[in-house]
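Step one of this worksheet: look at the structure below.
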Amino acid sequence: MVQMSGGQAVVQTLLSLGARAGFGVPGESYLAVLDAFCDAPDFRFIGCRNEGGAAFMAEAWAKLTGGVGLCFVTRGPGATNASIGVHTAMQASTPMLLFVGQVGLEHQGREAFQELDYRQVFGPIAKYATEITDMSRTPEIIRRAWSMAISGRPGPVVIALPEDVLTQSAEIVIPSTPILAPKSAAVAADLEQLAAKLQGAERPVILAGGGRWDAQDRRALQSCARQLNIPVVTGFRYHDLFDNTDPLFVGEAGVGMTANTKRLLTEADVILAVNLRFGEMTTNAFTLFGVDRGAQWIAQSHRSGDEFHKYVAPNLSMISDPAPLLDGLGARLEGVRMGQDPAWAQSARAGFKAAQTAKVQPSPVDMGVVTGIVQRLLPADAIVTNGAGNFAIWPNKFLQFSEHQRLLAPQSGAMGYGLPAAIAAKVAYPERCVVCFAGDGDFQMNCQELGAALQTGARPIVLIVNNGSYGTIRMHQERHYPRRVSGTDMINPDFVTLARAYGFHGERIERTEDFADAFCRALASPTGAILDLNVAPEAITPTMTIKDLNALSDG
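Residue numbers for the sequence shown follow this note's numbering, beginning at 2 and rising by one.
Structure, rendered in structure tokens:
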């Protein structure tokens with residue numbers, strides 16, 4: 002036993018679990034934790050400018066590294082600011098702990114300054130929310146929270162830290178036993194049934210998604226798909242689970258699902274959904290895989306039994322990690338003649354490749370050309386991030402992620418995610434190239450986090466798709482209320498001056514033909530770079546202009 006404060010118990014417990022970095026905004030409600038960081042040289046606390054940005058960084062860090070994201074914020078406004086990152090972590094099934102400073106126990110229940118009941122506030126959007134009310138139980142509660150965050154369907158856990166509990170002292174034992182995520186595997190009978198179905202399938206598809214895929218899971222997916230020659234579709238913004246340059250990668254089931262992807266998911270006679278949470282995006286707004294799907298047979302695996310029958314009724318459901326399922330399937334079908342139509346995988350890939358060519362954009366800077374240049378010049382281990390908006394179609398539909406490249410993007414559709422995610426990626430892997438795609442509105446949701454980038458030396462490249470508009474909302478306005486523009490026009494600051502104010506290399510790109518050289522300069526810049534791209538609002542989507550949308554409404 003060692004005499005320590007509650008704040009020290011929090012930090013020492015996290016260190017014993019392997020934590021080495023966390024993100025946050027300092028607050029007086031958890032001063033004792035901040036003080037304990039002074040005695041933890043192996044722990045890096047990254048100070049952020051807003052709790053929403055800090056929570057996004059913690060979520061992105063966890064998604065990228067496979068660890069547990071840690072975020073520290075103060076009570077009341079700090080906690081509610083951070084809630085956007087909690088929601089993002091929940092929808093993406095990302096393990097994360099949010100520590101919230103709390104009103105002292107002696108003041109609770111009186112609507113004290115900045116007081117909130119965090120169990121009620123975060124109950125609907127987090128996996129679990131709790132509070133430490135007994136200082137001696139600090140290690141127990143944090144270890145349970147860590148276990149919950151990584152077990153079953155991973156997700157965010159919120160821990161409230163009353164100020165007086167953090168300053169109390171007692172003799173504490175910090176357990177040294179590591180906490181590992183429990184493993185699960187499909188039972189033999191289910192694997193036999195699945196193997197038989199896939200062996201006889203003419204048009205099979207693997208649909209992969211969900212959180213906490215490790216290197217072994219990714220290798221198993223690649224090996225199984227190649228062995229069985231089954232085309233792979235990834236879930237919304239999970240492109241990087243499977244090498245997009247592989248002939249068996251055939252697209253992503255997400256917003257703006259292509260005609261080819263819809264065709265594949267409709268015509269497939271057997272679908273193996275691996276670790277996937279069927280939701281609005283993967284089902285094309287709940288129009289695919291319904292009770293009227295005919296003879297289509299669906300097997301769904303997930304680490305949690307709570308993810309079955311939410312909308313899709315699978316013919317076979319299996320609680321399993323991806324690797325044991327896919328390796329077991331491959332072993333059962335080793336050397337077996339498959340019944341697949343030889344043209345199925347080829348036509349699926351051909352349809353995907355056809356959709357990779359964007360038409361010429363009516364814009365001073367053509368994002369189709371820009372994306373192609375980025376694709377060509379990105380290093381083999383680059384990390385790409387984006388937030389939410391029509392601009393995200395470019396990295397999400399027209400970039401192909403090779404085996405070691407990664408995508409960090411919000412399954413929740415949260416604007417402002419891309420820049421904090423890019424900073425977190427540079428914190429985790431400072432030697433790797435990190436490129437953030439951001440809309441002008443999206444960028445300004447968290448552009449203050451350039452201060453965190455300046456302070457930590459985490460300098461990504463940011464491409465601002467600047468069309469002076471909240472483009473997604475403008476698109477919907479033109480569809481439903483044509484020519485009645487309200488609230489979506491934007492007057493933006495000088496992004497180049499802003500970039501330089503934060504110590505970044507900055508350039509304004511006025512023409513498509515100027516982008517390649519500018520991007521090369523950005524790649525070579527030791528300070529990171531912000532490239533402000535002059536994109537016309539008329540180029541509202543890769544396939545439709547505002548004029549096209551107006552013509553449809555006039556039609």
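Cβ coordinates follow ideal geometry from the N, Cα and C atoms, glycine included.
Computed from a predicted structure; not experimentally measured.
Per DSSP, the beta bridge partners of residue 157 are 97.
In this structure, residue 19 lies away from residue 46, with their beta-carbon atoms at least 8 Å apart. Here residue 549 carries a helix assignment [DSSP, helix/strand/coil].
Residue 386 sits in a strand when the DSSP states are folded into three classes. Spanning the alpha carbons of residue 269 and residue 128 requires a straight line of approximately 34 Å. The C-beta of residue 554 has fewer than 16 other C-beta atoms within 10 Å across all chains shown, which makes the residue exposed. In this structure, DSSP gives residue 6 an extended state, which the three-state scheme calls strand.
Residue 392 and residue 460 do not touch by the CB rule: their CB atoms are close to 21 Å apart, not below 8 Å. Collapsing the DSSP output to three states places residue 295 in coil.
The three-state secondary structure of residue 300, taken from DSSP, is strand. In the three-state DSSP reduction, residue 308 falls in the helix class (H, G or I). Residue burial annotation: residue 416 is buried, with at least 16 other C-beta atoms found within 10 angstroms of its C-beta. By the Cβ criterion, the stretch 290-310 is not in contact with the stretch 225-239, since fewer than three pairs of Cβ atoms, one from each stretch, lie closer than 8 Å.
Pairing residue 126 with residue 512, the inter-Cα distance amounts to about 43 Å. Ranked by how close their Cα comes to the Cα of residue 398, the residues 4, 119, 92 and 254 have 254 in first place. Here the stretch 216-225 does not lie against the stretch 282-290, with fewer than 3 beta-carbon pairs under 8 Å apart. By a beta-carbon distance limit of 8 Å, residue 447 does not contact residue 410. Their separation comes to about 14 Å. When secondary structure is reduced to three states using DSSP, residue 509 falls in the strand class.
Under the DSSP definition of a beta bridge, residue 535 partners with 467. Linking residue 432 to residue 527 through their CA atoms gives a straight-line distance of about 11 Å.
Counting only the Cα atoms, residue 549 lies some 44 Å from residue 70. Inclusion of residue 531 and residue 465 in the CB contact set at 8 Å is warranted, their separation being smaller than that value.
Of the candidates 73, 135, 323 and 404, 73 places its Cα closest to the Cα of residue 38.
Between the stretch 481-492 and the stretch 449-460 there are fewer than three C-beta pairs closer than 8 Å, too few to call the two in contact.
Counting only residues of its own chain and dropping the five nearest sequence neighbours on each side, residue 316 has a CB closer than 7 Å to the CB of 298, 299 and 300. For the set 123, 189 and 11, the Cα lying nearest the Cα of residue 81 is the one of 123. Residues of the same chain with a CB within less than 6 Å of the CB of residue 475, apart from the 5 flanking positions on each side, are 489 in chain order. The beta strand (DSSP E) runs lying completely inside the stretch 402-451 and spanning 3 residues or more are 407-409 and 435-440, given in chain order. Taking the C-beta atoms as reference points, residue 33 is found no nearer than 8 Å to residue 99. Residue environment: residue 181 is assigned as exposed (fewer than 16 neighbouring CB atoms within 10 Å of its CB, all protein chains considered). For residue 482, DSSP assigns no beta-bridge partner whatsoever.
Between the alpha carbons of residue 58 and residue 421 lies a distance of about 5 Å.
In this chain, the beta strand (DSSP E) harbouring residue 72 covers 70-74. Per DSSP, reduced to three states, the secondary structure at residue 105 is coil, with no helix or strand assignment.
The stretch 330-346 makes no contact with the stretch 235-247, as fewer than three CB pairs between them are under 8 Å.
The alpha-carbon separation between residue 521 and residue 246 amounts to approximately 23 Å.
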